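Peer 1: Quick one: the structure is below, questions incoming.
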Amino acid sequence: MDTTATTFSGRLLRRGVLGMGFGLVVLRSQAAPLEAMGPSLTLGKNTLIGDRVNALHNPASGALMRATYTGQRGVLGAVKLSTGAAYGEIDDLFALIDDLAMRIGRDDGRNGAEPPAGGDSAGGQASADYSNWLPPDFDINNPETHQAAIERLSAQVSAGAALIDFVGTEGYGRVNAGLGLPLLINHDIWGGTMALRLSGYVQGGAIGITDPVNFDEQQATTALEALRELSPSAPATTFDLSAGLMLTVGPTTQAVTVDWDNDSALLSKSARTYELAASYSRALSASDSSQWFIGVTPRLLQIGMSNAATRIGDVTDAEQLFNDIVSGERQYRFGATADIGALWVSEQLRAGVIVKNLYPSEFEYPELDLATIAREQVVNQLTRSRQYSLDTQGRIEGSWSSTSSQWQIDTALDTNATADAMGDLHQWWSLSLQYRPNISWLPAIRAGHHRNLKGMPLNYGALGATLFNAVELDIGFTLDTVTMQNNDLPRGFNINVGFNYAI
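For the sequence shown, this note's numbering begins at 42 and goes up steadily by one.
Here's what the structure looks like:
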């Protein structure tokens, strides 16, 4: 694997694990990640029955689990650990960002003219080399050299625009490391079942916000024609060639300075969330062949948020910027919401519905320092990025099991898309198969497929197994690939380990 990618993922993973006592650390990608604990990584966010506690996605699942549990223990619990990564086409990504920063920096006067006011001394901007942006024989008084200058300028701006687009679409990486603690109380409480879930995770990331580049050759031609109107004694004059490209000429010395001003930026965001959920569920009257279960899950959240916007032209070390994403100081806010769910269960079939976030909770990132960014379009996009809402989302699920219960097929579908704290859209569809062999040390093996229907439509495959009726191992990997060092590799992966206990 490319050493840049390896170093990047490794450093971020270490920061994620060490930066939080428990939780999930994520570096945002433009592809929504597959975030699931334990067997849910393979089976999807379905209701799982038996003697092993999982994520209890459906608020009604606690009562169903008690109804199918055959043991005598009073408390059933689990510890779920998760880690993984996702990334774009990041071969030489940091070098490309640094190169782009140099292109969007300020000219240091190496073309022979004094840099315009507010040049590279302002704000510590990168010093850009524009010495080859004009033909060697360019003459401000010779129109025959102007067309060649426009062609070369257009080529240079197009190359920079291509870098901006690439960084905006592929300049991302994501890692995660987490811990989930579901707990089921195997006693009647108010005629039903109580379950608890404690979790914590951090989402963080950096993405490119592009300032569109629209080079107008006619405007550039008109500006160059105006050069001939300057008198030999005129002061240094700057001409707007379009697309943020500025040409400064000094008629007295015949010196020329090129400056490209573009407000494309890297936006970094981090949101650390602690969540405590307590669900209450109960069985309704049963018929001869089926039964209904209903439940509700109030959830209390504390979210700490931080963000920063850095103009790409001001970037001095892209790799360090990415590695420092989750280290910013956070501003914490509390929020509360609730989920409701219902399950219909027969001998071989099961169907359920969940409504998450019955009432949305609104959160806002801190104010951004946008002093170095002037483009209204970029400023508006960065301002909108401060808003985050836990929006209402529906999910339906279904399951079929064989008469002997050795085979089981599960599916789940989010009915609408919602955005996470990083702005990534999520609407997952899952299909999985589980087999329970008659082997004491291997009670279950499973395989699954997951697809995100909104945002970037990544496909995940997953495999898992339960060992000794206590340990769970699951691995997920994207079917979509990226190319690194001429090798096709999965765009992302996840590894989950779980341990079940009963007391």
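Beta carbons are placed, not taken as given, at the ideal position from N, Cα and C, and that holds for glycine. Note that the structure is predicted; figures quoted are calculated from it, not measured.
Exposed or buried, Q418, counting other C-beta atoms within 10 Å across all chains shown (16 or more means buried)?
Peer 2: To locate residue 418, count along the sequence shown from 1; it is residue 377. Its Cβ having fewer than 16 others within 10 Å, Q418 is exposed.
Peer 1: What are the partner residues of H490, as DSSP defines its beta bridges?
Peer 2: Counting from one through the sequence shown, the residue named residue 490 turns up at place 449. Answer is L472, G502, bridged to H490.
Peer 1: Would you call the CB atoms of T378 and R340 closer than 8 Å?
Peer 2: Looking up residue 378 in the sequence shown gives position 337. Looking up residue 340 in the sequence shown gives position 299. A contact, by the Cβ cut-off of 8 Å.
Peer 1: Return the CA-CA distance between T507 and G118, expressed in angstroms with no decimal places.
Peer 2: The residue you call residue 507 lines up with position 466 of the sequence shown. The residue you call residue 118 lines up with position 77 of the sequence shown. Distance between the alpha carbons of T507 and G118: 15 Å.
Peer 1: Please list, in chain order, all residues of the same chain as S102 whose beta carbon is under 6 Å from its beta carbon, the five residues on each side excluded.
Peer 2: Counting from 1 along the sequence shown, the entry for residue 102 is found at position 61. For S102, same chain residues with a beta-carbon under 6 Å away, outside a window of 5 residues either side, are T88 in chain order.
Peer 1: DSSP three-state call for G435: helix, strand or coil?
Peer 2: If you number the sequence shown from 1, residue 435 lands on position 394. Correct three-state label for G435: strand.
Peer 1: For G382, which residues in the same chain have their Cβ closer than 6 Å to its Cβ, ignoring the five residues on either side in sequence?
Peer 2: Walking along the sequence shown from the start, residue 382 turns up at place 341. The answer, listed in chain order, is N99, P100, A101, G336, I395.
Peer 1: Grab me the residues of L175's own chain with a C-beta within less than 8 Å of its C-beta, minus the 5 sequence neighbours each way, in chain order.
Peer 2: As a working note, residue 175 is residue 134 in the sequence shown. If we look at L175 and ignore the five residues flanking it on each side, its Cβ neighbours are N152, A190, R193, L194, V297, V299.
Peer 1: According to the neighbour-count rule (16 or more other Cβ atoms, all chains shown, within 10 Å of its Cβ), is S81 buried or exposed?
Peer 2: By 1-based counting over the sequence shown, the position of residue 81 is 40. Answer is buried; the Cβ neighbour count reaches 16.
Peer 1: Let me check understanding here. Comparing Cα to Cα, which of F256, T351, P276 lies closest to A202?
Peer 2: As a position in the sequence shown, residue 202 is number 161, starting the count at 1. Among F256, T351, P276, the Cα nearest to that of A202 belongs to F256.
Peer 1: Going by the CB atoms, is the gap between A284 and I414 shorter than 8 Å?
Peer 2: Taking the sequence shown and counting its residues from 1, the one referred to as residue 414 is at position 373. Taking the sequence shown and counting its residues from 1, the one referred to as residue 284 is at position 243. No, the Cβ-Cβ distance between I414 and A284 is not below 8 Å.
Peer 1: Is V420 near W301, with beta carbons less than 8 Å apart?
Peer 2: Translated into the one-based positions of the sequence shown, residue 420 becomes position 379. Translated into the one-based positions of the sequence shown, residue 301 becomes position 260. Contact flag unset, no.
Peer 1: Could you please give me the residues that DSSP links to W385 through a beta bridge?
Peer 2: Within the sequence shown, residue 385 is the residue found at index 344, counting from 1. DSSP output for W385 lists W333, A392 as bridge partner(s).
Peer 1: Locate the alpha helix (DSSP H) running through A261, then write down its first and last residues.
Peer 2: Against the sequence shown, residue 261 aligns to sequence position 220. From DSSP, the alpha helix (DSSP H) with A261 extends over 258-266.
Peer 1: Give me, in chain order, the residues of the same chain whose beta-carbon lies closer than 6 Å to that of A163; leave out the 5 immediate sequence neighbours on both sides.
Peer 2: Reading the sequence shown from its first residue, position 122 is the one you call residue 163. Reliability of the predicted coordinates at A163 is poor, the pLDDT of 35 falling under 50, and no value is obtained from them.
Peer 1: With burial defined as no fewer than 16 other Cβ atoms inside 10 Å of the residue's Cβ, what is the status of Y400: buried or exposed?
Peer 2: Indexing the sequence shown from 1 puts residue 400 at position 359. It counts as exposed.
Peer 1: How many Å lie between S443 and E513 at the Cα?
Peer 2: Sequence index remark: in the sequence shown, residue 443 carries index 402 (1-based). Sequence index remark: in the sequence shown, residue 513 carries index 472 (1-based). Their Cα atoms are separated by approximately 22 Å.
Peer 1: What does a CB cutoff of less than 6 Å around F179 pick up in its chain, not counting 5 residues either side in sequence?
Peer 2: Position 138 of the sequence shown, counted from the start, is the residue given in the question as residue 179. Around F179: T186, A190.
Peer 1: Do the segment 267-275 and the segment 308-318 meet, that is, are 3 or more Cβ pairs less than 8 Å apart?
Peer 2: No, they do not touch.
Peer 1: Can at least three beta-carbon pairs, one atom from the segment 463-470 and one from the segment 482-496, be found at a separation below 8 Å?
Peer 2: yes
Peer 1: If we call anything under 8 Å between Cβ atoms a contact, is K397 one with Q343?
Peer 2: Taking the sequence shown and counting its residues from 1, one reaches residue 397 at position 356. Taking the sequence shown and counting its residues from 1, one reaches residue 343 at position 302. Going by C-beta atoms, K397 is not nearer than 8 Å to Q343.
Peer 1: N152 by DSSP, collapsed to three states: which one?
Peer 2: Numbered from 1 along the sequence shown, position 111 holds the residue referred to as residue 152. Any reading at N152 must be qualified, since the residue scores a pLDDT of 38, below 50, and its modelled position is unreliable; no value is offered.
Peer 1: L483 lies in the beta strand (DSSP E); which residues open and close that run?
Peer 2: Position 442 of the sequence shown, counting from 1, holds the residue named residue 483. Where L483 is concerned, there is no enclosing beta strand (DSSP E), given that its DSSP letter is neither H nor E.
Peer 1: Could you tell me which residues DSSP puts in a beta bridge with T351?
Peer 2: Within the sequence shown, the letter at position 310 stands for residue 351. Looking at the DSSP assignment, T351 forms a beta bridge with L307.
Peer 1: Looking at the structure shown, is H187 part of a helix, part of a strand, or coil, going by DSSP?
Peer 2: Sequence index remark: in the sequence shown, residue 187 carries index 146 (1-based). It is helical.
Peer 1: Roughly how many whole angstroms lie between the Cα atoms of L204 and L288?
Peer 2: Along the sequence shown, read from residue 1 onward, the residue named residue 204 stands at position 163. Along the sequence shown, read from residue 1 onward, the residue named residue 288 stands at position 247. Our two residues, L204 and L288, have alpha carbons roughly 22 Å apart in a direct line.
Peer 1: Please identify the residue among F280, I250, I248 whose C-alpha is closest to the C-alpha of Q260.
Peer 2: Along the sequence shown, read from residue 1 onward, the residue named residue 260 stands at position 219. The alpha carbon of Q260 has as its nearest neighbour, out of F280, I250, I248, the alpha carbon of F280.
Peer 1: Output needed for L520: all residues of its chain with C-beta closer than 6 Å, excluding positions within five of it in sequence on either side, in chain order.
Peer 2: Here residue 520 refers to the residue found at position 479 when the sequence shown is read from its first residue. Here the set comprises N500, G502.
Peer 1: Using only the alpha-carbon positions, how far apart do M463 and L409 sit?
Peer 2: Position 422 of the sequence shown, counted from the start, is the residue given in the question as residue 463. Position 368 of the sequence shown, counted from the start, is the residue given in the question as residue 409. Roughly 15 Å between the two C-alpha positions.
Peer 1: Which class does M106 belong to by DSSP, given the choice of helix, strand or coil?
Peer 2: What you label residue 106 is simply residue 65 of the sequence shown in a count that begins at 1. Three-state result, M106: helix.
Peer 1: Does the segment 535-544 come within contact of the segment 106-117, defined as at least 3 CB pairs closer than 8 Å?
Peer 2: yes
Peer 1: Which class does S326 belong to by DSSP, given the choice of helix, strand or coil?
Peer 2: What you label residue 326 is simply residue 285 of the sequence shown in a count that begins at 1. DSSP places S326 outside both helix and strand once states are collapsed to three, so it counts as coil.
Peer 1: Relative to the C-alpha of N303, which candidate in A488, A485, T522, M143 has its C-alpha closest?
Peer 2: Within the sequence shown, the letter at position 262 stands for residue 303. Looking at the Cα atoms, M143 is the closest of the given residues.
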